[in-house]
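**Student:** Please find one structure pasted underneath; my questions will follow.
Here is the structure:
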């Protein structure tokens with residue numbers, strides 16, 4: 040049993056790095072996902088993960104499968120899309136989801152064009168699904184740096200983020216910080232997606248961000264504990280997913296996300312605020 | 168210090184070139200309690216947004232002299248499903264004094280407790296927002312407004328969907344603020360409330376119909392005039408060409424010159 044659970048991580052350096060990388064990513068992504076969910080931007084993460092494709096693809100064209108150029112490219116295009124849709128929605132009547140949809144579709148189309156222009160579909164699969172088992176030290180350092188940045192920004196702007204989600208009009212009446220906080224938050228989303236893109240690929244990086252956050256919502260009604268629960272779910276998914284991938288010879292990224300999905304479904308069913316809890320209302324109640 | 172808190176000069180606010188508040192002039196005395204009345208769409212909420220600086224005026228000015236402003240918008244803007252407790256939303260009232268990073272002091276927490284108690288929500292600190300009734304929510308927002316410790320307070324239809332007892336509690340609070348020397352402007356639908364509690368009234372129908380002491384303003388003659396304004400936008404309505412003595416030229420509530428000429432030519 041011990042061998043089954045810990046053996047892979049003790050014996051193989053690539054498994055250690057994979058574990059380390061996905062755990063840091065879990066710690067960093069999950070709170071960002073919680074805020075995305077609370078701002079009703081759950082699908083924004085998905086859109087952004089597609090939007091960073093042309094940047095990664097362009098770097099892939101010039102530098103091949105190198106982690107640093109692809110990260111920088113993805114980051115640049117992701118920020119461009121985030122800023123573009125943010126600005127369009129701030130200064131016109133169009134809502135953020137509409138402008139985000141427009142920008143990410145443009146971006147995705149360009150990305151697929153670039154990939155199909157030079158690369159084969161095998162390369163595209165690699166870009167889309169990533170390879171947590173091939174993390175090198177540079178990529179690990181990058182993920183760690185992103186995690187530290189995320190936590191610094193979250194700690195400093197926590198009150199602003201909560202206020203902007205809770206009562207944006209009130210915040211506008213007392214402070215001008217609402218707009219900058221919103222943009223900074225979008226930057227965090229892109230940063231974490233790029234970090235996830237190293238480990239899991241663009242298609243699944245958003246899974247580690249959103250699934251634990253959405254699953255956590257069935258257990259708690261407080262922002263702080265939501266973040267803690269989401270991080271716990273993400274870390275558990277990472278460990279179990281890697282073990283599953285090792286023992287069943289599955290691709291690691293999809294394995295991790297499948298576990299996160301299973302935890303989500305379990306939470307939706309039996310969570311304190313889940314389906315069963317709302318169906319099986321007990322007759323017992325307090326008088327006041 | 169002058170005892171005028173707000174001074175409007177031809178203050179005009181609008182959306183997409185259509186005036187919603189048209190040529191408002193006059194001033195609000197410090198420490199006064201003014202009701203803003205009028206039909207739906209008469210520009211009441213727009214005026215508050217203009218004073219709060221959320222909406223930029225099309226023309227004219229509103230010069231204001233206050234240290235701190237508290238603006239209580241209509242309730243629909245707040246996300247009631249957000250996983251927050253009463254204490255979280257009420258403590259937003261400290262924002263102007265504590266800012267983004269400042270920690271709340273123990274005295275702040277005492278103030279917070281007192282404010283909740285004075286709106287009748289003692290012991291509600293840890294209650295989640297989605298468990299509050301409409302009236303309780305409004306009481307919590309009043310507590311937040313109190314904590315802002317503002318000398319100019321703008322309330323936008325604060326008594327909507329609130330029962331009589333809550334209204335009388337909240338009105339008592341508002342009168343207490345005025346007694347402390349704060350200036351309060353309050354958008355109201357209920358004419359009997361206006362007559363009963365508010366010494367000053369501004370009656371709006373896009374343009375000001377009447378402004379002064381409530382007994383002079385809330386006459387049946389004025390109210391009939393306030394009801395009879397055209398609420399719909401009219402694309403063919405002419406551009407306002409009233410000449411302003413200070414500016415020396417007519418202002419346009421619209422886009423650029425050529426379009427204005429075209430419209431003017433057709434009219």
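Protein chains in written order, with our numbering: chain A, 40 to 327; chain B, 168 to 434. Idealized CB from N, CA, C, for every residue including glycine. Remember, predicted model here, so these are calculated numbers, not experimental data.
Under the three-state reduction of DSSP, which class applies to residue 137 of chain A: helix, strand or coil?
**Tutor:** Correct three-state label for residue 137 of chain A: helix.
**Student:** With a cut-off of 8 Å on the beta carbons, I'd call residue 293 of chain B and residue 252 of chain B a contact; round off their distance for me.
**Tutor:** 5 Å
**Student:** On the criterion of 16 or more Cβ atoms from any shown chain inside 10 Å, does residue 191 of chain A qualify as buried, or is it exposed?
**Tutor:** exposed
**Student:** Going by beta carbon distance, what residues of the same chain come within less than 6 Å of residue 423 of chain B, once the five residues before and after it are set aside?
**Tutor:** Residue placement at residue 423 of chain B cannot be trusted, given a pLDDT of 37 that sits under 50; the coordinates are not used to answer.
**Student:** Please identify the residue among A:142, A:130, A:196, A:229 whose C-alpha is closest to the C-alpha of residue 121 of chain B.
**Tutor:** As displayed, chain B neither begins before 168 nor continues past 434, which places residue 121 of chain B out of reach and without an answer.
**Student:** Using only the alpha-carbon positions, how far apart do residue 126 of chain A and residue 222 of chain A sit?
**Tutor:** 9 Å
**Student:** Which class does residue 216 of chain B belong to by DSSP, given the choice of helix, strand or coil?
**Tutor:** In this structure, residue 216 of chain B counts as helix in the three-state DSSP scheme.
**Student:** Taking 8 Å as the threshold (beta carbon to beta carbon), is residue 378 of chain B in contact with chain A?
**Tutor:** no
**Student:** Grouping DSSP H, G and I as helix and E and B as strand, with all else coil, what is residue 389 of chain B?
**Tutor:** helix
**Student:** Using Cβ-Cβ distances below 8 Å, what residues of the stretch 242 to 261 of chain B are close to chain A?
**Tutor:** 244, 245, 246, 249, 250, 251, 252, 255, 256, 259
**Student:** Pull up the distance between the alpha-carbon of residue 156 of chain B and that of residue 214 of chain B, whole angstroms please.
**Tutor:** The structure shown does not extend to residue 156 of chain B, since chain B spans only 168 to 434, so no value can be given for it.
**Student:** Could you work out which residues of chain B lie near residue 199 of chain A, taking near to mean beta carbons separated by less than 8 Å?
**Tutor:** By Cβ distance, chain B contributes 267.
**Student:** Between B:369, B:264, B:348, B:280, which has its C-alpha nearest residue 358 of chain B's C-alpha?
**Tutor:** B:369
**Student:** Report yes or no: is there a C-beta of chain B within less than 8 Å of the C-beta of residue 314 of chain A?
**Tutor:** It does not: the Cβ of residue 314 of chain A has no partner Cβ on chain B nearer than 8 Å.
**Student:** Strictly under 8 Å for the Cβ-Cβ distance: is residue 204 of chain A near chain B by that measure?
**Tutor:** yes
**Student:** Quick check on residue 315 of chain A: buried or exposed, where buried means 16 or more other Cβ atoms within 10 Å of its Cβ?
**Tutor:** exposed
**Student:** With 8 Å as the limit, tell me which residues of the stretch 214 to 229 of chain A have their beta carbon closer than that to any beta carbon of chain B; keep them in chain order.
**Tutor:** Per Cβ criterion, the list reads 214, 216.
**Student:** How should residue 40 of chain A be labelled, buried or exposed, when 16 other C-beta atoms within 10 angstroms of its C-beta is the threshold for buried?
**Tutor:** exposed
**Student:** Listing by chain order, which chain A residues have their CB less than 7 Å from the CB of residue 238 of chain B?
**Tutor:** 212
**Student:** Output, in sequence order along the chain, the residues in the stretch 260 to 280 of chain A whose CB is closer than 8 Å to any CB in chain B.
**Tutor:** 260, 261, 262, 265
**Student:** Grab me the residues of residue 280 of chain A's own chain with a C-beta within less than 6 Å of its C-beta, minus the 5 sequence neighbours each way, in chain order.
**Tutor:** 294, 295, 298
**Student:** Could you check the C-alpha separation between residue 283 of chain A and residue 256 of chain B for me, to the nearest Å?
**Tutor:** 44 Å
**Student:** Any beta carbon from chain B within less than 8 Å of residue 74 of chain A's own beta carbon?
**Tutor:** No - not a single Cβ of chain B is within 8 Å of the one on residue 74 of chain A.
**Student:** Where do the N-terminal and C-terminal ends of the beta strand (DSSP E) with residue 175 of chain A fall, by residue?
**Tutor:** Looking at the DSSP string, residue 175 of chain A is not in any beta strand (DSSP E), and its letter there is neither H nor E.
**Student:** Can you pull the chain A residues whose beta carbon is under 9 Å from the beta carbon of residue 295 of chain B, in chain order?
**Tutor:** 260, 261
**Student:** Quick one: which chain A residues come within Cβ less than 7 Å of residue 221 of chain B?
**Tutor:** 211, 212
**Student:** Pull up the distance between the alpha-carbon of residue 244 of chain A and that of residue 150 of chain A, whole angstroms please.
**Tutor:** 17 Å
**Student:** State buried or exposed for residue 433 of chain B, treating a residue as buried only when at least 16 other CB atoms are found within 10 Å of its CB.
**Tutor:** In this prediction, residue 433 of chain B has a pLDDT of 37, which is less than 50 and means its spatial position is unreliable; what the coordinates show is noted afterwards. It counts as exposed.
**Student:** For the beta strand (DSSP E) containing residue 272 of chain A, list its first residue and its last residue.
**Tutor:** Careful: residue 272 of chain A lies outside any beta strand (DSSP E), inside the alpha helix (DSSP H) at 262 to 286.
**Student:** Using the Cα positions of residue 353 of chain B and residue 384 of chain B, report the straight-line distance between them to the nearest angstrom.
**Tutor:** 16 Å
**Student:** Which word fits residue 264 of chain A, buried or exposed, when buried means at least 16 other C-beta atoms lie within 10 angstroms of its C-beta?
**Tutor:** exposed
**Student:** Where does residue 330 of chain B fall in DSSP's three states?
**Tutor:** coil
**Student:** Going along the stretch 175 to 203 of chain B in order, which residues come within less than 9 Å of chain A, judged by CB to CB distance?
**Tutor:** none
**Student:** Can you list, in chain order, the residues of its chain whose CB lies under 6 Å from that of residue 335 of chain A, leaving out five sequence neighbours each side?
**Tutor:** No answer is possible for residue 335 of chain A: it lies beyond the span of chain A, which begins at 40 and ends at 327.
**Student:** Against chain B, with Cβ distances strictly below 8 Å, would residue 193 of chain A count as a contact?
**Tutor:** no
**Student:** Taking Cβ positions only, does residue 208 of chain A come closer than 8 Å to chain B?
**Tutor:** yes
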